[in-house]
Amino acid sequence: MDLNEVIAECLEGKEGAWRMLVDAYSKKVFNMAYQFAGSYEEAEDLTQDIFLKLYHSLSKYDRAKNFTAWLLTLAKNHLIDAYRKTKWEKANRDEFDEHFLSEDAAESPEASLLKEASRKAVWNGLNSLSPENRMAVILRDIQGKSYEDVAEILGLPIGTVKSRINRGRLELAKILGSRKETIHGL
Amino acid sequence: MACDRIEELLASFLEEELGPAERSFVEEHLKTCPSCSLLLAGLREVKGAFHGFPEVEVSEGLKSKLYAIPEEKKSSRFRLKLSLDFLLQPSLQPVFAAATVFMILVSFYVFNPNKKAIDRSIDRNLHLGYSQVEKLYARAGSWADRLKAYKDNFLVSIKEWNLLGGNEDQTLKEEESPWKKRAS
Numbered sequence: 001m002d003l004n005e006v007i008a009e010c011l012e013g014k015e016g017a018w019r020m021l022v023d024a025y026s027k028k029v030f031n032m033a034y035q036f037a038g039s040y041e042e043a044e045d046l047t048q049d050i051f052l053k054l055y056h057s058l059s060k061y062d063r064a065k066n067f068t069a070w071l072l073t074l075a076k077n078h079l080i081d082a083y084r085k086t087k088w089e090k091a092n093r094d095e096f097d098e099h100f101l102s103e104d105a106a107e108s109p110e111a112s113l114l115k116e117a118s119r120k121a122v123w124n125g126l127n128s129l130s131p132e133n134r135m136a137v138i139l140r141d142i143q144g145k146s147y148e149d150v151a152e153i154l155g156l157p158i159g160t161v162k163s164r165i166n167r168g169r170l171e172l173a174k175i176l177g178s179r180k181e182t183i184h185g186l
Numbered sequence: 001m002a003c004d005r006i007e008e009l010l011a012s013f014l015e016e017e018l019g020p021a022e023r024s025f026v027e028e029h030l031k032t033c034p035s036c037s038l039l040l041a042g043l044r045e046v047k048g049a050f051h052g053f054p055e056v057e058v059s060e061g062l063k064s065k066l067y068a069i070p071e072e073k074k075s076s077r078f079r080l081k082l083s084l085d086f087l088l089q090p091s092l093q094p095v096f097a098a099a100t101v102f103m104i105l106v107s108f109y110v111f112n113p114n115k116k117a118i119d120r121s122i123d124r125n126l127h128l129g130y131s132q133v134e135k136l137y138a139r140a141g142s143w144a145d146r147l148k149a150y151k152d153n154f155l156v157s158i159k160e161w162n163l164l165g166g167n168e169d170q171t172l173k174e175e176e177s178p179w180k181k182r183a184s
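As you go down the protein sequences, you meet chains A and B in turn.
Just so it is clear: in the first sequence, position 147 is 147 by my numbering, and no numbers are missing.
Just so it is clear: in the second sequence, position 32 is 32 by my numbering, and no numbers are missing.
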């Protein structure tokens, strides 16, 4: 079934269409929320809020536009708003191992351990980025979207998006550098 | 200064998006600057680390909650939640701000130890205000009377002016009844 037909049926109140929409987009939105917030439970609450917003604003969606970009823009706005309201409660992220499984079984144990350590540092370091830079880095580097797609979702020119991603990466690289200095200093 | 410029270019350098001139500028700088080389190594490490972030699966519990959103909307509990959400709307912020200021003023009055002095001052000011209003009202009344007098005078003067030949009838009448003259 065409996406526009699914949306039209959702607006008519057909439950099956809504389920299709949830099946198609819940994973995308949930991962975005989890990578941004860093907490599994919180990501579940945020995803629920985002889908609630989607349900209410589905009638405002312009069918000529890209639905995924529109939904991710809605999700991005909600995530940044929620972060601004309660940022003091988000000092810690979930332990990296808790929900992410390592995919590098072929690597040597030592290399795998080193990679795991830098992944952990990057995962925790995401919290030290500003919400805008963090969102840009997540969309580009974790979700692997093109600069054009990131610019569409964030509603910004490509130059601004590139500069945000660059700043975010540099901050993370500095965090990794200072972590290494601490380890060598011990 | 050069390091700041290099910092801006490093991400593009890593993604091989730089032109030949900028690329050689970065490469030359990296040969002599250990801190920028370390930063480049850090950026490579960050890039590698991001590749190890697989997607997380959505739990069945969350999915069933998402499926139930249209049903939940119909329930009264959901409507109550929405009505409470309505209170968080930014458009209501000025109202809440005004209510807070009002509450502060009221609490300042209620808990002030010199409440009697405030009462007296309020009483005096109310009386002053009332007398001012009375004066204004009286003045407005006199102005209304004066205006009425002006209007009457104006109308009388227009009638007496004989602009529209208003007294012609009277003169004719006087001329047509010579017996009256005689009688007088």
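Beta carbons are placed, not taken as given, at the ideal position from N, Cα and C, and that holds for glycine.
Across the structure, Leu129/A and Glu72/B are spaced so that their CA atoms are roughly 36 Å apart.
Legend: CB atoms of the region 108-138 of chain A lying less than 7 Å from CB atoms of chain B belong to residues Lys115, Ser118, Arg119 and Val122.
Annotated as proximal: Lys76/A and Leu154/A, with beta-carbon spacing under 8 Å. For Asn125/B, the uninterrupted alpha helix (DSSP H) segment begins and ends at Lys115 to Trp161. Taking 9 Å as the upper bound on Cβ-Cβ separation, chain A lies near residues Ala41, Gly42, Leu43, Arg44, Glu45, Val46, Lys47, Gly48, Ala49, Phe50, His51, Gly52, Phe53, Pro54, Glu55, Val56, Glu57, Val58 and Ser59 of the region 41-60 of chain B.
In summary, Lys115/B is exposed, with fewer than 16 beta-carbon neighbours lying within 10 Å of its beta-carbon over all protein chains present. Neighbourhood of Val22/A in chain B, by CB distance below 7 Å: Lys63, Leu66 and Tyr67, in chain order. Within its own chain, the residues whose Cβ lies closer than 7 Å to the Cβ of Val150/A, once the five positions on either side in sequence are excluded, are Ala136, Leu139, Arg140 and Val161, listed in chain order.
Along the length of the region 134-177 of chain A, whole alpha helix (DSSP H) runs at least 4 residues long occupy 147-154, reported in chain order. In this structure, Arg134/A keeps its C-beta atom at 8 Å or more from the C-beta atom of Gly159/A. The three-state reading of DSSP puts Pro70/B in helix, counting H, G and I together.
Between Glu57/B and the set Tyr25/A, Leu113/A and Ser59/A, the nearest pair of CA atoms involves Tyr25/A. Spatial neighbours of Leu74/A in its own chain (CB-CB distance under 8 Å, excluding positions within 5 residues in sequence) are listed in chain order as Ile50, Lys53, Leu54 and Ser57.
Counting along the chain, no alpha helix (DSSP H) covers Gln89/B, and no H or E run does either.
Here Asp94/A is near Gly38/A, since their CB atoms are less than 8 Å apart. Between Glu116/A and the set Ala49/B, Cys36/B and Gly42/B, the nearest pair of CA atoms involves Ala49/B. Cα atoms of Phe67/A and Val106/B: separation of roughly 52 Å, rounded to the nearest angstrom. Counting only Cβ-Cβ distances below 8 Å, Asn77/A has no contacts in chain B at all, with the closest Cβ about 14 Å away. Between Asn166/A and Ala11/B a beta carbon distance of about 4 Å is seen, short of the 8 Å cut, so the two are scored as contacting. Under the three-state reduction of DSSP, Ser39/A is assigned to coil, being neither helix nor strand. Separation of the CB atoms of Ala82/A and Leu46/A is rounded to 6 Å, and the pair is thereby assigned contact status at 8 Å. Under the 10 Å beta carbon count, His78/A is surrounded by 16 or more other beta carbons and is classified as buried. Contact annotation for Thr73/A against chain B: no contact, minimum CB-CB distance about 19 Å [criterion: below 7 Å]. In this model, Glu45/B and Ser118/A are separated by some 7 Å (Cα to Cα). Of all alpha-carbon atoms in Asn31/A, Glu132/A and Arg19/A, the one lying nearest the alpha-carbon of Lys63/B is that of Arg19/A. Under the three-state reduction of DSSP output, Lys65/A falls in the coil class, being neither helix nor strand. With a contact defined as Cβ atoms closer than 8 Å, Ala43/A and Phe30/A qualify at about 6 Å.
Against Leu38/B, the close residues of chain A are Gly177, in the order they occur along the chain (beta-carbon pairs closer than 7 Å).
Inclusion of Leu156/A and Glu7/B in the CB contact set at 8 Å is not warranted, their separation being larger than that value. Residues of chain B with a Cβ closer than 8 Å to the Cβ of Thr47/A are, in chain order, Val58, Leu62 and Leu66. For Asn124/A, the uninterrupted alpha helix (DSSP H) run begins and ends at Pro109 to Gly125, by DSSP. The beta carbon of Glu8/B sits closer than 8 Å to some beta carbon of chain A. Assigned with DSSP and collapsed to three states, Leu129/A falls in coil, not helix or strand.
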